[in-house]
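Heads up: the sequence shown begins at 1 in full-length UniProt numbering, then just goes up one per residue.
Here a beta-carbon is modelled for each residue, glycine too, at the ideal position from N, C-alpha and C.
Below: the structure, in structure tokens.
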Amino acid sequence: MSTVDAPTIIAAGLDDWRPLVHSLHARFRTGDFATGLDFLVDVGAAAEAANHHPDVNLTYTHVDITLTSHDAGAVTDRDLEMARTISDLAAERGLEADPGRLTRLEIALNAADKDAIGPFWGAVLTGEAQAYDGNQVADPTEQVPLLWFQPTPPRDDVPQMCFHLDIWIPAGQLPARIEAAVAAGGRVVDDSESPSFVVLEDAEGNKACLCTVLDRS
């Protein structure tokens, strides 16, 4: 088992899937609950056979599937193989993927001393102070978005609490998402790190980062 980077994933020809953060994501349109449930029965059998299990979310209209190798903390060869298997199962049922709708949300909080506040946020978000691992608070049940702490020097001229949102999207969606945000009254604050991330703000100065997996170490 070896980890694979974003360019390798993109070159793998997995048209149904997109890399977001440290995982692979796909959405398959099912149209009704029963079709989605039957599809997940197939996916579950394939996962058991491979001993590699995705995270799934079943709704009435679609199924969202996430693949990552938790022991590696990244996407690996076995995730690529499982992605191909799941796409084949979807094709057999005539289900179409909808990669343009994929999004993952993270929250960033400016912190002059993350260790002083991290356990608190672990406790209020998950009920466990130990959910703070020294850099972030991750809810294993994914009921709340990941919260990470951005090192920030103490300053008297900015609010003590300063959140912003990181919205992870497929790399190909970045130009259209920026265009939509600007058309809706926002503006680009900083695109010097594009396509890794672009900072935008709304009409009142509230900021958000549109993030992709491209051009990251």
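The beta strand (DSSP E) spanning P140 covers which residue range?
Element bounds for P140: n/a, residue is neither H nor E.
Would you kindly check if the distance between the Cβ of V56 and the Cβ of I9 is under 8 angstroms?
No, they are not a contact pair.
Are the CB atoms of S69 and D79 nearer to each other than 8 angstroms?
Yes.
Between A203 and R216, what straight-line distance do the alpha-carbon atoms span, to the nearest angstrom?
Taking the straight line from one Cα to the other gives about 29 angstroms.
Beta-carbon within less than 8 angstroms of A50's beta-carbon, same chain only, minus the 5 sequence neighbours each way: which residues are those?
Cβ neighbours of A50 beyond the five flanking positions: R78, E81, M82, T85.
Please say whether G122 and V137 have beta carbons closer to each other than 8 angstroms?
Contact: yes.
Grab me the residues of W168's own chain with a C-beta within less than 6 angstroms of its C-beta, minus the 5 sequence neighbours each way, in chain order.
Result list for W168: L20, V21, R104, C211, in chain order.
If contact is defined by three or more beta carbon pairs under 8 angstroms, each pair taking one atom from either stretch, is the segment 96-114 in contact with the segment 34-43?
Judged by Cβ distances under 8 angstroms, the segment 34-43 makes no contact with the segment 96-114, as fewer than three pairs qualify.
Just curious, the alpha helix (DSSP H) that R177 is in, first and last residue?
From DSSP, the alpha helix (DSSP H) with R177 extends over 174-183.
Between the beta-carbon of G36 and the beta-carbon of V4, is there less than 8 angstroms?
No.
Could you check how far apart the C-beta atoms of R27 and A131 are, in whole angstroms? I think they sit under 8 angstroms.
That pair is no contact at about 27 angstroms.
Assign R84 to one of three DSSP states: helix, strand, or coil.
Correct three-state label for R84: helix.
Looking at the strands, I want to know which residues DSSP matches up with D190.
DSSP, once it has assigned bridges, lists V199 as partnering D190.
In angstroms, rounded to a whole number, what distance separates the CA positions of L89 and G205?
Rounded to the nearest angstrom, the two C-alpha atoms are 46 angstroms apart.
Residue range of the alpha helix (DSSP H) that residue 218 falls in?
Since the first residue shown for the chain is 1 and the last is 217, residue 218 is missing from the structure and cannot be characterised.
With S2 and L67 assumed to form a contact (beta carbons below 8 angstroms), what rounded beta-carbon distance in angstroms separates them?
No, S2 and L67 are not in contact; Cβ-Cβ is about 15 angstroms, not under 8 angstroms.
What is the DSSP secondary structure of T212, counted as helix, strand or coil?
Here T212 sits in coil by DSSP.
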